[in-house]
Amino acid sequence: MKRGLYVGRFQPFHNGHKAVIDGLAEEVDELIIGIGSADISHDIRHPFTAGERVLMITRALNGLKIPFYVIPLEDVKRNALWVAHVKSMVPPFDTVYTSNPLVIQLFKEAGIPVLSPPMYLRESLSGTAVRKKMYHREAWEEYVPKEVVSVVREIHGIERMQQISKSD
Ligand code: NAD
28 MKRGLYVGRF QPFHNGHKAV IDGLAEEVDE LIIGIGSADI SHDIRHPFTA
78 GERVLMITRA LNGLKIPFYV IPLEDVKRNA LWVAHVKSMV PPFDTVYTSN
128 PLVIQLFKEA GIPVLSPPMY LRESLSGTAV RKKMYHREAW EEYVPKEVVS
178 VVREIHGIER MQQISKSD
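For the sequence shown, the positions run 28 to 195 when this note's numbering is used.
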């Protein structure tokens, strides 16, 4: 039994994340998806709450061929303690999948194997690029799973992003 951990902010969960997870479903028996910065929402880099991201991911992965667990992870002020914090919150895992340099470094220092899945269309498929399109009301829907489109509409996510970026 091999259980993998995939950590991200998922602001929002996009097609690059989904492509990585579809690939991981061929490699591991179970997958834990850790939602980082779970405590941060309602700012322009982190517009969505942990609960909203749980909805996006759970709905978009409906039908994934392996069991998965979606677990929010609050940030901690000390990077040196973060791996212990993550381990205390999620089921046991064998390998971490990430391309984030800090996350790679922290897990490697803790002696945990780390693999970096390939990037898919990184220029258009990054959280920053998708949020920028959402904010400017450009076509963003094609970059995220359709289930994410419906969550963003349900929570009036675009209107939120525009409201919180106004000045008083
Ligand atoms: P992210 O949502 O930007 O990306 C998640 C993963 O998907 C990353 O591995 C990224 O490389 C990958 N990815 C992004 N675009 C892709 C694409 N087009 N194709 C394939 N893969 C793609 O999230 P992130 O920034 O990696 O999240 C790390 C989280 O860990 C953050 O929430 C951060 O705060 C948290 N963290 C916290 C601490 C702490 O609390 N001290 C320390 C380290 C990390």
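Where is the CB? At the ideal position from N, CA and C, for every residue including glycine. Predicted model only: the values in this text are computed from it and were never measured.
| Item | Value |
| --- | --- |
| Would the stretch 140-148 and the stretch 117-128 be scored as touching if the rule is three or more Cβ pairs under 8 Å? | yes |
| Would you call the CB atoms of G61 and V103 closer than 8 Å? | no |
| What do you get for G78, buried or exposed, if any count of 16 or more other CB atoms within 10 angstroms of its CB means buried? | exposed |
| Look up F134 in the DSSP assignment and say whether it is helix, strand or coil. | helix |
| So what's T76 in DSSP terms, helix, strand or just coil? | coil |
| Around the C-beta of K45, are 16 or more other C-beta atoms found within 10 angstroms, so that it is buried, or is it exposed? | buried |
| Can you tell me which of E186, I98, L88 and P128 puts its alpha carbon nearest to the alpha carbon of G50? | L88 |
| Out of A65, S192 and R149, state which residue places its alpha-carbon closest to the alpha-carbon of H41. | R149 |
| Contact defined as beta carbons within less than 8 Å: I believe I191 pairs with H73. What is the distance between those atoms, to the nearest angstrom? | Wrong, their Cβ atoms sit about 10 Å apart, outside the cutoff. |
| Out of I48, I67, T76 and M146, which one is the CA nearest neighbour of P172? | I48 |
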